[in-house]
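Numbering (my numbering) for the sequence shown: 411 to 751.
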Amino acid sequence: MIKNDLFLRALKGETVDRPPVWMMRQAGRYLPEFMEIRKKYDFFTRCRTPELASEITVQPIRRYGMDAAILFSDILVVPQAMNVEVEMKPNFGPYLPNPIRDKKSLDQVIIPDVNEELGYVMDAIKATKEKLNDEIPLIGFAGSPWTILCYMVQGQGSKNFDKAKEFCFTQPVLAHELLRKITDTTIAYLKAKVKAGVNAVQIFDSWGGMLSPVDYQEFSWQYINDIIEALKDEIPVIAFGKGCWFALNEMSKSGASALGIDWTCSARNARYLTGGNITLQGNFDPSRLLSPPNEIKKMVTEMINNFGKDKYIVNLGHGILPNIPLENAKAFVDAVKEYKQ
Ligand code: CP3
Numbered sequence: 411m412i413k414n415d416l417f418l419r420a421l422k423g424e425t426v427d428r429p430p431v432w433m434m435r436q437a438g439r440y441l442p443e444f445m446e447i448r449k450k451y452d453f454f455t456r457c458r459t460p461e462l463a464s465e466i467t468v469q470p471i472r473r474y475g476m477d478a479a480i481l482f483s484d485i486l487v488v489p490q491a492m493n494v495e496v497e498m499k500p501n502f503g504p505y506l507p508n509p510i511r512d513k514k515s516l517d518q519v520i521i522p523d524v525n526e527e528l529g530y531v532m533d534a535i536k537a538t539k540e541k542l543n544d545e546i547p548l549i550g551f552a553g554s555p556w557t558i559l560c561y562m563v564q565g566q567g568s569k570n571f572d573k574a575k576e577f578c579f580t581q582p583v584l585a586h587e588l589l590r591k592i593t594d595t596t597i598a599y600l601k602a603k604v605k606a607g608v609n610a611v612q613i614f615d616s617w618g619g620m621l622s623p624v625d626y627q628e629f630s631w632q633y634i635n636d637i638i639e640a641l642k643d644e645i646p647v648i649a650f651g652k653g654c655w656f657a658l659n660e661m662s663k664s665g666a667s668a669l670g671i672d673w674t675c676s677a678r679n680a681r682y683l684t685g686g687n688i689t690l691q692g693n694f695d696p697s698r699l700l701s702p703p704n705e706i707k708k709m710v711t712e713m714i715n716n717f718g719k720d721k722y723i724v725n726l727g728h729g730i731l732p733n734i735p736l737e738n739a740k741a742f743v744d745a746v747k748e749y750k751q
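Dropping the structure here:
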């Protein structure tokens with residue numbers, strides 16, 4: 411049904427001529443056409459207006475022809491739907507004026523009707539599917555429960571999410587109650603996305619690497635695994651844990667179709683830790699897109715050779731940076747399309 415199904419075939423582990431390519435945060439601030447829209451509408455207006463969200467989603471596809479699109483939205487629309495206020499402050503990032511730190515604030519957190527509170531996301535998916543015209547698959551996503559907790563408790567971005575960790579380690583019963591609420595909401599949210607038409611989902615555990623291996627199991631992985639279990643029979647699930655190489659072996663035994671790898675883990679080590687059978691996605695250092703285009707192409711070819719062309723999805727090890735020159739992003743995608751064994 412989808413004309414270019416390279417990405418879906420890689421998720422199934424099928425043999426391909428070349429691996430598929432997309433970039434985390436590909437819809438964003440390095441694109442002049444995105445900046446035009448950004449000038450006119452604030453962040454959550456862009457998220458909440460299906461015409462804008464779908465337009466931003468297809469912008470990088472028009473320019474570079476990636477093998478998959480990822481819906482323009484944000485992981486923080488979930489806390490909003492759960493009755494936690496989230497602002498996106500210019501030149502600051504996410505700001506949650508009433509962070510969850512005690513029983514009283516936790517009791518205000520609801521498990522919403524996702525179709526009611528996040529219906530605009532479903533509408534954006536439908537609008538995007540129309541624009542994509544079955545050319546390439548569309549990826550839906552959510553933050554991991556731990557990563558969402560990080561913002562809900564810290565109240566803003568952080569280098570170490572110290573307040574989030576303090577909450578988990580001093581009030582673990584409350585922390586688990588919050589993680590459970592986020593998990594249940596996320597399962598319903600991703601199932602609604604599947605119904606609306608996404609072809610795969612990715613769980614972003616951007617702050618999983620803040621935890622020790624033991625704490626990762628307790629506060630992050632078990633909830634991600636619950637989400638995977640609830641979704642895996644309906645749709646391929648990609649689990650991306652930034653800084654979570656220590657958990658790759660455990661993750662590889664789950665029902666996930668693919669695992670995201672960041673650039674601090676070599677291809678060889680990632681294959682070793684995951685047993686060589688599961689599809690891996692990554693792991694180009696986003697800052698390396700600042701190298702000259704011919705060097706980028708060389709490094710991408712080497713990266714494919716190191717991971718192997720099968721059971722592999724070319725991506726960055728985290729989101730693309732705002733200061734990446736357009737021709738460098740193009741070199742990254744082109745190198746994959748020109749790949750020959
Ligand atoms: O991948 C894509 O292109 C789809 C869009 C997307 C956005 N956010 C748009 C966005 C996705 C997949 C996300 C996920 C997201 N959001 C994550 C997980 C991935 C990661 O990067 O670790 C996280 C942690 C967030 C929370 C968030 N949203 C932060 C910390 C910030 C501010 C920092 C930044 O990157 O600008 C945002 C804002 C945000 N989300 C922007 C975009 C395009 C930039 C704000 C703007 O356009 O004004």
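A virtual CB, placed ideally from N, CA and C, is assigned to each residue, including glycine.
Contact belief for residue i with residue j at Cβ below 8 Å, rounded distance in angstroms
i: Ile637; j: Ile671; result: That belief does not hold up - the Cβ atoms of Ile637 and Ile671 are roughly 19 Å apart, past 8 Å.
i: Ala552; j: Ser464; result: The pair is not a contact, with the Cβ atoms about 19 Å apart (cut-off 8 Å).
i: Val710; j: Arg428; result: About 11 Å; that fails the 8 Å criterion.
i: Val753; j: Val647; result: Not covered by the structure: residue 753. The range shown for the chain is 411 to 751.
i: Thr595; j: Ile521; result: 5 Å
i: Thr773; j: Ile485; result: Residue 773 is absent from the model: the chain starts at 411 and stops at 751.
i: Thr689; j: Ile723; result: 6 Å
i: Leu731; j: Ser697; result: 7 Å
i: Ile613; j: Ile549; result: That belief does not hold up - the Cβ atoms of Ile613 and Ile549 are roughly 11 Å apart, past 8 Å.
i: Ala680; j: Leu699; result: Their Cβ separation, rounded to whole angstroms, is 20 Å, which puts Ala680 and Leu699 out of contact at 8 Å.
i: Ala478; j: Ile546; result: 6 Å
i: Gly619; j: Lys652; result: 5 Å
Simplified DSSP assignment, three categories, for residue i
i: Val624; result: helix
i: Ile645; result: coil
i: Asn733; result: coil
i: Ala657; result: helix
i: Tyr440; result: coil
i: Asn693; result: strand
i: Ala585; result: helix
i: Ile597; result: helix
i: Gly619; result: helix
i: Ala745; result: helix
i: Glu426; result: Per the sequence shown, residue 426 should be read as Val rather than Glu. Note: Val426 maps to coil in three-state DSSP.
i: Ile688; result: coil
i: Val710; result: helix
i: Val604; result: helix
Exposure of residue i, with buried meaning 16 or more beta-carbon neighbours within 10 Å
i: Asn609; result: buried
i: Pro489; result: buried
i: Asp615; result: buried
i: Asn715; result: exposed
i: Gln751; result: exposed
i: Gly438; result: buried
i: Tyr561; result: buried
i: Val496; result: buried
i: Tyr474; result: buried
i: Met661; result: buried
i: Tyr626; result: buried
i: Pro430; result: buried
i: Gln518; result: exposed
i: Met445; result: exposed
i: Lys355; result: Outside the shown range of the chain (411 to 751) lies residue 355, about which nothing can therefore be said.
i: Asp415; result: buried
i: Glu635; result: At residue 635 the sequence reads Asn, which differs from the Glu that was named. With 16 or more other Cβ atoms within 10 Å, it is buried.
Range of the contiguous alpha helix (DSSP H) that encloses residue i
i: Tyr633; result: 632-641
i: Asp415; result: Run containing Asp415: none; DSSP gives neither H nor E here.
i: Ala677; result: 677-684
Limits of the beta strand (DSSP E) - the one that residue i falls within
i: Leu699; result: Premise fails: Leu699 is in no beta strand (DSSP E) and is neither H nor E.
i: Tyr722; result: 722-726
i: Ala668; result: 668-671
Check: residue i C-beta below 6 Å from any heavy atom of the ligand ADP
i: Gly503; result: Absence of the ligand ADP is noted for the structure shown, with the ligand CP3 being the only ligands found.
Chain C contact for residue i (CB, 7 Å cutoff)
i: Gln566; result: Going by chain labels, chain C is absent from the structure shown, which holds only one protein chain.
Discussion item. For a minimum of 4 consecutive residues, which ranges assigned as the alpha helix (DSSP H) are wholly contained in the segment 449-536?
Written reply: 453-458, 460-474, 487-491, 513-517, 524-527
Worksheet item: What are the uninterrupted segments assigned as beta strand (DSSP E) that are 3 or more residues long and contained completely in the segment 546-571, given in chain order?
Response: 548-553
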